[in-house]
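In our numbering, the protein residues as written are 39 to 203. Backbone N, C-alpha and C define an ideal beta-carbon position, used for all residues, glycine too. Data first, discussion second: the structure below is written as structure tokens.
What follows is the structure, encoded as structure tokens:
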């Protein structure tokens with residue numbers, strides 16, 4: 039988010055990685071997720087270019103597995119949906135009792151507990167907007183996928199009272 043730029047709370051946004059994931063004839067490569075907020079470094083880009091060169095020269099299996107074409111936060115989101123069906127329904131099914139804010143979001147904002155995903159939600163014109171989910175599972179998956187997250191008062195590592203479980 040813009041307000042986090044140049045702070046230790048900044049995090050990576052790959053935005054349209056679903057486009058890469060859904061394109062079975064390309065292989066997606068991503069800048070290291072925990073390094074991107076620190077800027078783009080020449081040595082990291084060269085490493086990605088070399089990796090791409092190896093893939094081109096050595097080839098890769100087609101079609102590319104959709105899961106393999108996701109960045110680590112995308113993989114986390116998919117696994118969250120696989121393990122927590124209530125969460126998956128909340129964020130993928132448009133039904134009257136589900137708030138639009140639980141459907142309208144970027145994966146990285148969920149992964150980093152921003153806005154409607156932060157503990158206690160956020161205020162919008164005096165209205166609290168919050169989406170329930172299994173925080174313990176999210177924290178476990180962030181660790182599994184090696185995604186650094188700067189803990190704040192609104193994203194407590196031990197918080198579970200905003201959880202659906």
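Exercise. Might you give, ordered along the chain, the residues of its own chain that have their beta carbon closer than 6 Å to the beta carbon of residue 184, omitting 5 neighbours on each side?
Key: No residues qualify anywhere along the chain.
Quiz item: Going by beta carbon distance, what residues of the same chain come within less than 6 Å of residue 102, once the five residues before and after it are set aside?
Solution: So the list reads 62, 65, once near-sequence residues are dropped.
Practice problem: Keeping to the same chain, check which residues put their C-beta closer than 8 Å to that of residue 130; ignore five residues upstream and five downstream. | Solution: Excluding residues up to 5 positions away in sequence, 119, 141 lie with their Cβ nearer than 8 Å to the Cβ of residue 130 in the same chain.
Quiz item: Could you give the distance in angstroms between the alpha-carbon of residue 55 and the alpha-carbon of residue 115?
Solution: Taking the straight line from one Cα to the other gives about 12 Å.
Quiz item: Taking just the CA atoms, how far does residue 147 sit from residue 154?
Solution: Near 9 Å, if we compare the C-alpha coordinates of residue 147 and residue 154.
Quiz item: Which residue from 144, 68, 132 puts its Cα closest to that of residue 90?
Solution: Checking every option, the nearest Cα to that of residue 90 belongs to 68.
Exercise. Just confirm the distance between the C-beta atoms of residue 172 and residue 125, as a whole number of angstroms; I'd bet it's less than 8 Å.
Key: Rounded to the nearest angstrom, the Cβ distance from residue 172 to residue 125 is 6 Å, consistent with a contact under 8 Å.
Quiz item: Are the CB atoms of residue 149 and residue 111 nearer to each other than 8 Å?
Solution: Their beta carbons are under 8 Å apart, which means residue 149 touches residue 111 by this criterion.
Practice problem: Whole angstroms is fine: what's the gap from residue 151's alpha carbon to residue 157's? | Solution: If I take the Cα positions, the gap works out to 8 Å.
Practice problem: Figure out for me which residue from 105, 57, 170 has the closest Cα to the Cα of residue 137. | Solution: For residue 137, the nearest C-alpha among the options comes from 170.
Exercise. Compute the distance between the beta-carbons of residue 174 and residue 108, then report whether it is under 8 Å.
Key: Not in contact: residue 174 and residue 108 (Cβ atoms no closer than 8 Å).
Self-check item: Distance between residue 88 and residue 96 (C-alpha atoms, nearest Å)
Solution: Between the alpha carbons of residue 96 and residue 88 lies a distance of about 12 Å.
Quiz item: What do you reckon, are the CB atoms on residue 70 and residue 82 nearer than 8 Å?
Solution: Cβ atoms of residue 70 and residue 82: closer than 8 Å.
Quiz item: Hey, residue 179 and residue 117: beta-carbon distance below 8 Å or not?
Solution: Yes, these two residues count as a Cβ contact at 8 Å.
Self-check item: Best match in 92, 106, 76, 113 for proximity to residue 145 [C-alpha to C-alpha]
Solution: Minimum Cα distance to residue 145 is reached at 113.
Quiz item: From residue 106 to residue 100, what distance separates their C-alpha atoms?
Solution: Rounded to whole angstroms, residue 106 to residue 100 spans 12 Å at the Cα level.
Quiz item: Exposed or buried, what is residue 128 when buried is set at 16 or more other beta-carbons lying within 10 Å of its beta-carbon?
Solution: Under this definition residue 128 is a buried residue.
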